[in-house]
Amino acid sequence: MDNDTVAVYWDFENLHASLYDAKNGSGSYGKKRVRGKSQEILIDVQTLYDFAATYGNVAINKAYCNWQWFAQYRHALLKNAIELVQIFPPGASAKNGADIKLSLDVVEDILRFPHIASILIIGGDSDFIPLAQKIKAAGKELIGVGCRASTNQHWANSCSDFKYYESFASEIQTTEESAESESETIVVKDAPELIKKAIKQISKRNGEDWVVKAAIRPVIKRLDPTFDESNYSCSTFTDLLDKYKDQFLIKKGEHDHLVSLKK
């Protein structure tokens with residue numbers, strides 16, 4: 002798992018539109034007075050990135066959108082090193098063409114970077130079905146994420162693994178200012194919370210409450226590259242788990258210890 006590499010492609014505006022429609026009624030986002038103005042934060046960017054990191058080191062991270070209306074996402078996009086691909090729609094009522102550009106980039110990246118093991122596509126459009134066939138033919142694992150109400154079921158079924166956004170998205174901050182002010186303070190993050198976050202992400206991926214101990218630290222490092230046991234006066238990850246053993250359940254597994262969250 003530690004050597005796996007994942008490429009992430011976000012059909013960003015379509016995901017935002019799906020969440021907007023879920024909140025305000027079907028077809029709401031397509032109205033001209035809504036689409037052509039500054040957009041509020043609806044997508045939990047951090048949770049989606051954290052989910053992607055459970056599949057491997059994120060080597061490619063591209064998001065496709067008409068970015069002129071999405072400035073409020075700036076902090077989350079910068080924090081997660083997402084490459085922004087600008088898509089201008091050819092007309093006021095035309096599709097933005099993000100799915101076409103996204104698909105072309107995926108095929109090109111697969112050819113250029115054969116070391117990539119998994120492709121994660123965040124979007125629920127049926128136009129991705131031919132792309133799914135190409136990805137699988139190339140021997141890559143395909144993971145999809147989309148909104149429950151708007152995801153095409155044939156697209157979902159064409160993935161190796163598919164998750165509905167609503168199944169793991171958490172509460173997000175409603176203002177960019179509060180998130181940005183927090184980022185300016187450099188602190189050592191709470192160890193138990195990092196461990197819990199990693200366990201939760203692995204559990205969501207595998208569907209099991211118990212996770213292999215050896216799988217936890219690599220995920221923590223992807224979630225927080227600054228993580229180091231010495232920050233918590235521990236020499237090994239096992240020592241760190243022992244230090245906070247009151248917050249976790251640990252038992253012997255077939256080859257390694259298994260760890261779970263205390264209910």
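Every position in the sequence shown, counted from 1, becomes a number in my numbering once 1 is added. Just so you know, even glycine gets a beta-carbon here, dropped at the ideal spot from N, CA and C.
*Drop a sphere of 10 angstroms on the beta-carbon of histidine 155, count the other beta-carbons inside from all chains shown, and report buried for 16 or more, exposed for fewer.*
In the sequence shown, counting from the first residue as 1, residue 155 sits at position 154. Exposed, because fewer than 16 other Cβ atoms sit within 10 Å of the Cβ of histidine 155.
*asked:* Quick check on DSSP: helix, strand or coil for glutamine 154?
replied: Locating residue 154 in the sequence shown gives position 153, where the first residue counts as 1. It is helical.
*Going by beta carbon distance, what residues of the same chain come within less than 7 Å of phenylalanine 13, once the five residues before and after it are set aside?*
Sequence index remark: in the sequence shown, residue 13 carries index 12 (1-based). The residues are Ala64, Tyr65 and Cys66.
*Which residue comes first and which comes last in the beta strand (DSSP E) that contains leucine 262?*
The residue you call residue 262 lines up with position 261 of the sequence shown. Taken as a continuous stretch (DSSP letters only), the beta strand (DSSP E) holding leucine 262 covers 258-262.
*Out of curiosity, what's the CA-to-CA distance linking aspartate 247 and arginine 36?*
Position 246 of the sequence shown, counting from 1, holds the residue named residue 247. Position 35 of the sequence shown, counting from 1, holds the residue named residue 36. Taking the straight line joining both Cα atoms gives about 49 Å.
*alanine 138 burial status per 10 Å Cβ neighbour count (16 or more: buried)*: Sequence index remark: in the sequence shown, residue 138 carries index 137 (1-based). Alanine 138 comes out exposed.
*Sort Tyr21, Glu109, Ala8 and Tyr10 by Cα distance to alanine 150 and report the nearest one.*
The residue given as residue 150 occupies position 149 in the sequence shown. Nearest of Tyr21, Glu109, Ala8 and Tyr10 to alanine 150, Cα basis: Tyr21.
*asked:* At the level of alpha carbons, what is the spacing between lysine 252 and leucine 241?
replied: Indexing the sequence shown from 1 puts residue 252 at position 251. Indexing the sequence shown from 1 puts residue 241 at position 240. Between lysine 252 and leucine 241, the C-alpha separation is close to 16 Å.
*Kindly list the residues whose CB is nearer than 8 Å to the CB of isoleucine 203, restricted to its own chain and excluding five residues on each side of it in sequence; keep chain order.*
The sequence position of residue 203 within the sequence shown is 202, counting from 1. Answer for isoleucine 203: Thr55, Val212, Ala216, Ile217 and Val220, listed in chain order.
*Using a threshold of 6 Å, is the CB atom of histidine 258 nearer than that to any non-hydrogen atom of the ligand NAP?*
The ligand NAP is absent from the structure shown, which contains no ligands of any kind.
*With respect to the beta strand (DSSP E) encompassing aspartate 12, which residues constitute its N-terminal and C-terminal limits?*
If you number the sequence shown from 1, residue 12 lands on position 11. Where aspartate 12 is concerned, the enclosing beta strand (DSSP E) stretches over 6-12.
*With a CB to CB cut of under 7 Å and the five nearest residues on each side skipped, what residues in its chain are close to aspartate 210?*
Taking the first residue of the sequence shown as position 1, residue 210 is located at position 209. Same-chain partners within the cutoff: Ser204 and Ser261.
*Enumerate, from N- to C-terminal direction, the unbroken alpha helix (DSSP H) stretches of 4 or more residues contained entirely within the region 76-152.*
99-113 and 130-138
_Contact check, tyrosine 165 vs alanine 192, beta carbons under 7 Å_ = The sequence position of residue 165 within the sequence shown is 164, counting from 1. The sequence position of residue 192 within the sequence shown is 191, counting from 1. Against a cut-off of 7 Å, the Cβ pair of alanine 192 and tyrosine 165 comes out as no contact.
*By how many angstroms is the C-alpha of glutamine 47 removed from the C-alpha of valine 59?*
In the sequence shown, the residue the question calls residue 59 occupies position 58. In the sequence shown, the residue the question calls residue 47 occupies position 46. Cα to Cα, valine 59 sits roughly 13 Å from glutamine 47.
*For isoleucine 263, count neighbouring Cβ atoms within 10 angstroms of its own Cβ and tell me buried if that reaches 16, exposed if not.*
For the purposes of this step, residue 263 is identified with residue 262 of the sequence shown, where counting begins at 1. The residue asked about is misnamed: residue 263 is lysine in this sequence, not isoleucine. Exposed, because fewer than 16 other Cβ atoms sit within 10 Å of the Cβ of lysine 263.
*Which residue spans inside the region 194-239 form an unbroken alpha helix (DSSP H) run of at least 4?*
214-224
*Which value, in whole angstroms, describes the spacing of the CA atoms of phenylalanine 163 and aspartate 5?*
In the sequence shown, counting from the first residue as 1, residue 163 sits at position 162. In the sequence shown, counting from the first residue as 1, residue 5 sits at position 4. Approximately 19 Å, taken between the alpha carbons.
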